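Take any residue in the sequence shown, note its place counting from 1, add 8, and you have its number in this note's numbering. Note that beta-carbon positions come from the ideal geometry of N, C-alpha and C, so glycine has one too. Please read all numbers here as calculations on a predicted model, not as lab measurements.
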Amino acid sequence: MPRYVFITGGVVSSLGKGIATSSLGALLQARGYKVRLRKLDPYLNIDPGTMNPFEHGEVFVTDDGAETDLDLGHYERFTGVAAKQSDNTTTGRIYEEILAREREGKYRGATVQVIPHVTNAIRDFITAEIEDVDFVLCEIGGTVGDIESLPFLEAIRQMRHEMGSEKTLFIHLTLIPHLEAVGEMKTKPTQHSVANLRAIGIQPDIIICRSARPLPPEERRKIALFCSVAKESVIEGQDVPSIYQVPLFYHKNGLDDAVLAALGMHDAPKPDLKKWRKIGKRLEKPEGGVNIAIVGKYVGVRDAYKSLEEALIHGGMSQRVAVNLKWLEAERLEEKNGIHHLEGVHAVLVPGGFGKRGTEGMISAAHFARTRRIPYLGICFGMQMAVIEIGRNLLSMKNAISTEFDKMPNNEEPLIGESSEWEQPALLPGVEKPLSKSHGALVGLATGWEKEGEFITRTTKSLRGGTMRLGDQETILIKRSLIAQIYNINRIYERHRHRYEVNKRYMPAFHKEGVVMSGQSLDRRFPEVIEIPDHPWYIGVQYHPELKSRPFEPHPLFKAFVGAALEQSRLV
Ligand code: GLN
């Protein structure tokens, strides 16, 4: 049976619980243990898929097509373990399942209640599908004291009661503020937060104290005494320059030792932290730098492009350079002479996005990069905007747009659109007639794609993911293309999250203008990659490579993109 480590947060949100959980996962792995990391989100949305990036940051997509919390991205990057749908749940999802069961009469007339039905469903989620792991690290979203977190805290309290202190562990992460006026660090908020936890029956075993400064011995003593934890279990969590330095920092401050001691694992192997030391050094001592512009629409919120930022850092690490990111609000490029913001950058990246706002700015950025021969990487929306730019300027499709935000003029077939706008609805295996608008639940789109031999239908009514193409899918790369050289392989699997497609019927005309479709979906219906051979480095991809980049395995596309920016920096 695995051991369960529960991580809660106190005082304020955004303290780095996700990074602390990921770091502990990495430290346990470094001792040879197998870990699984999970996140329980107390909000009512079924998943963050429909949430505004300004509100909730990036939506992290897993191989199995789940739209999850961005902390799962950190888990993957730190531990290398691919996250799954079964690693993230929300109050909304738990209730959705319970209410469906209730409607089906599965509770046999019982009154359905928070305790035991919701708490049992939470426990089932925590303990499901965990064969072959030594530790399950389970982060509870939100802050202790929130009304929504109560059922989650009750569920983990019950697990401790039943499994005991050698199989379960509570870590509480809090803030120790520093009051400038008196020049002191204050432990009172932490004491209150722990008192809150105790009121619901949870006594933390370990307290991680997040702070901007070192924790003085007196404050440590106070926290230990008033919160009833051993002094060695009060762990300092000071800010460090890079998240990839956090595991070593926590190790130095005794986090993994305290965890193992609390669980009675006294003969645990020593950790091998060589790889963490190596990347720490690389980050500290870059041999130069490149300036990369990111032209997006949620740039005011760093979390909105979390995986992208990390993937660029990984690309920089593999090239041994620092990547200086210039975050540009796409709408600024729409202003008079707005394009000057891109002067002097070594590469341009247009990331994923939804909706019309800022698209003309992104199209200008793609135009700038193409015509000024500056490396360009368009990701998902960024590829679609590049295709529109090329359509308008090289193919004289004056009003090329995506039907996501407009109609094509004169009823022309869309350049970017939902594939049902130009394709005959696909035949499902075993279905005689094409599915059509009148076909019951499958209203609207009846096209789809193939995945592992199965036909996945894209329907406007499917509950999860709506009409999106989601998750890991195979792409066939054209031999000898730049993209195939970058991956050094002709078949790749990358994660998708989009509704609209580039219309393949226009690709021959693009080809004539020197723009090559160098990757397409397994069923050969959708362009997945475009490139311009006669350009120093110009690539658009329909998928999200940033979701698979890891510090120890930088994604080849980001490595190559930063490499191209480096080349560019040597020219100017
Ligand atoms: N809005 C576009 C689509 O749905 C692109 C989505 C994205 O960039 N992830 O196709």
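What residue range is occupied by the uninterrupted alpha helix (DSSP H) comprising residue 74?
-> Translated into positions along the sequence shown, residue 74 becomes position 66. Looking at the DSSP string, residue 74 is not in any alpha helix (DSSP H), and its letter there is neither H nor E.
Segment limits, alpha helix (DSSP H) that includes residue 83 | The residue given as residue 83 occupies position 75 in the sequence shown. Start and end: 79-87.
Does any heavy atom of the ligand GLN sit closer than 7 Å to the C-beta of residue 362?
-> The sequence position of residue 362 within the sequence shown is 354, counting from 1. Answer for residue 362: yes, Cβ within range of the ligand GLN.
Look at the alpha carbon of residue 295 and the alpha carbon of residue 408, and state the distance between them as a whole number of angstroms.
-> As a working mapping, residue 295 is identified with position 287 in the sequence shown. As a working mapping, residue 408 is identified with position 400 in the sequence shown. So the alpha carbons of these two residues sit roughly 43 Å apart.
Return the chain-ordered list of same chain residues with a C-beta closer than 7 Å to the C-beta of residue 512, the five sequence neighbours on each side being excluded.
-> For the purposes of this step, residue 512 is identified with residue 504 of the sequence shown, where counting begins at 1. Excluding sequence neighbours, residue 512 sits near 533, 534, 535.
With hydrogens ignored, establish whether the beta-carbon of residue 64 is closer than 7 Å to any heavy atom of the ligand GLN.
-> Within the sequence shown, numbered from 1, the residue matching residue 64 stands at position 56. Because no heavy atom of the ligand GLN lies under 7 Å away, the Cβ of residue 64 does not count as near it: no.
Are the segment 73-90 and the segment 115-131 touching, with three or more C-beta to C-beta distances below 8 Å?
-> no
Taking only the alpha-carbon atoms, compute the straight-line gap between residue 362 and residue 66 and give it to the nearest angstrom.
-> As a first step, residue 362 is located in the sequence shown; it is residue number 354 there, counting from the start. As a first step, residue 66 is located in the sequence shown; it is residue number 58 there, counting from the start. Taking the straight line joining both Cα atoms gives about 12 Å.
Find the nearest neighbour of residue 418 within the set 406, 428, 176, judged by alpha-carbon distance.
-> By one-based count along the sequence shown, residue 418 stands at place 410. Measuring from the Cα of residue 418, the nearest candidate turns out to be 406.
DSSP-derived helix/strand/coil call for residue 576 | Your numbering for residue 576 matches position 568 in the sequence shown. Three-state DSSP puts residue 576 in a helix.
Got a sec? Which residues, its chain only, sit under 7 Å from residue 64 by beta carbon, not counting five neighbours each side?
-> For the purposes of this step, residue 64 is taken as residue 56 along the sequence shown, with counting starting at 1. Counting only Cβ-Cβ distances below 7 Å, and skipping sequence neighbours, we find 56.
Curious, which full-length alpha helix (DSSP H) runs of at least 4 residues does the segment 196-234 contain?
-> 196-207
Of the residues 380, 372, 561, which one's Cα is nearest the Cα of residue 304?
-> Numbered from its first residue, the sequence shown carries residue 304 at position 296. Cα-wise, what sits closest to residue 304 is 372.
DSSP three-state assignment for residue 94, whether helix, strand or coil | For the purposes of this step, residue 94 is taken as residue 86 along the sequence shown, with counting starting at 1. Reduced to three states, the DSSP call for residue 94 is helix.
Quick one: give me the first and last residue of the alpha helix (DSSP H) that residue 499 is part of.
-> Here the question's residue 499 lines up with position 491 in the sequence shown. Per DSSP, residue 499 belongs to no alpha helix (DSSP H); it is in the beta strand (DSSP E), 499-506.
At least 3 beta-carbon pairs within less than 8 Å: the segment 170-187 vs the segment 207-216 = yes
Pair every Cβ in the segment 85-94 with every Cβ in the segment 335-349, then say whether three or more of these pairs are closer than 8 Å.
-> no
Own chain residues within Cβ distance below 7 Å of residue 38, not counting five before or after | Numbered from its first residue, the sequence shown carries residue 38 at position 30. Hits under 7 Å: 279, 280, 281.
Comparing alpha-carbon positions, which option in 382, 391, 481 lies nearest residue 571?
-> Within the sequence shown, the letter at position 563 stands for residue 571. Residue 382 is the option with its Cα nearest to residue 571.
For the segment 367-440, which segments carrying the alpha helix (DSSP H) assignment without a break, of at least 4 residues, lie completely within its bounds, in sequence order?
-> 367-379, 389-402
Since residue 227 and residue 195 are thought to touch, with beta carbons under 8 Å apart, how far apart are those beta carbons, to the nearest angstrom?
-> As a working note, residue 227 is residue 219 in the sequence shown. As a working note, residue 195 is residue 187 in the sequence shown. Indeed, because the Cβ distance is near 5 Å, the residues count as touching under 8 Å.
Is the segment 494-501 close to the segment 377-397, with three or more CB pairs under 8 Å?
-> no
Under 8 Å by Cβ, that's how I've got residue 133 and residue 355 pegged, so tell me the actual separation to the nearest angstrom.
-> Within the sequence shown, numbered from 1, the residue matching residue 133 stands at position 125. Within the sequence shown, numbered from 1, the residue matching residue 355 stands at position 347. Actually they are not in contact, since the Cβ atoms of residue 133 and residue 355 sit about 42 Å apart, beyond 8 Å.
Hey, is residue 389 close to the ligand GLN, as in C-beta under 7 Å from one of its heavy atoms?
-> Taking the first residue of the sequence shown as position 1, residue 389 is located at position 381. Checking every heavy atom of the ligand GLN against the Cβ of residue 389, one is found closer than 7 Å.
Pick helix, strand or coil for residue 46, following the three-state DSSP scheme.
-> Taking the sequence shown and counting its residues from 1, the one referred to as residue 46 is at position 38. In this structure, residue 46 counts as strand in the three-state DSSP scheme.
By DSSP, does residue 53 sit in helix, in strand, or in coil?
-> As a first step, residue 53 is located in the sequence shown; it is residue number 45 there, counting from the start. Of the three classes helix, strand and coil, the one that applies to residue 53 here is coil, per DSSP.
Based on Cα-Cα distance, which residue from 552, 502, 524 lies nearest to residue 530?
-> Within the sequence shown, numbered from 1, the residue matching residue 530 stands at position 522. Closest by alpha carbon: 502.
Pull up the CB-CB distance for residue 267 and residue 69, whole angstroms please, since I reckon it's below 8 Å.
-> Walking along the sequence shown from the start, residue 267 turns up at place 259. Walking along the sequence shown from the start, residue 69 turns up at place 61. Residue 267 to residue 69, Cβ: 30 Å. No contact.
Just curious, the beta strand (DSSP E) that residue 176 is in, first and last residue?
-> Looking up residue 176 in the sequence shown gives position 168. That run of the beta strand (DSSP E) goes 176-183.
Taking the Cβ atom as the reference point for each residue, do residue 156 and residue 97 lie within a distance shorter than 8 Å?
-> The residue you call residue 156 lines up with position 148 of the sequence shown. The residue you call residue 97 lines up with position 89 of the sequence shown. Against a cut-off of 8 Å, the Cβ pair of residue 97 and residue 156 comes out as no contact.
As assigned by DSSP and simplified to three states, the class of residue 479 | Against the sequence shown, residue 479 aligns to sequence position 471. Three-state result, residue 479: strand.
Quick one, are the C-beta atoms of residue 205 and residue 270 less than 8 Å apart?
-> The residue given as residue 205 occupies position 197 in the sequence shown. The residue given as residue 270 occupies position 262 in the sequence shown. Not in contact: residue 205 and residue 270 (Cβ atoms no closer than 8 Å).
Continuous alpha helix (DSSP H) stretch holding residue 255: start and end | For the purposes of this step, residue 255 is taken as residue 247 along the sequence shown, with counting starting at 1. Here the alpha helix (DSSP H) through residue 255 covers 254-260.
Helix, strand or coil: which one does DSSP assign to residue 442?
-> Start at 1 with the first residue of the sequence shown, and residue 442 comes out as number 434. Here the model assigns residue 442 a pLDDT of 38, short of 50, so the residue's position is not dependable, and the following value carries that caveat. Correct three-state label for residue 442: coil.
Nearest-angstrom Cα separation, counted from residue 300 out to residue 353 | Along the sequence shown, read from residue 1 onward, the residue named residue 353 stands at position 345. Along the sequence shown, read from residue 1 onward, the residue named residue 300 stands at position 292. Using only the alpha carbons, I get a separation of about 6 Å.
Cα-Cα separation, residue 27 to residue 140 | Reading the sequence shown from its first residue, position 19 is the one you call residue 27. Reading the sequence shown from its first residue, position 132 is the one you call residue 140. The straight-line gap from Cα to Cα measures roughly 24 Å.
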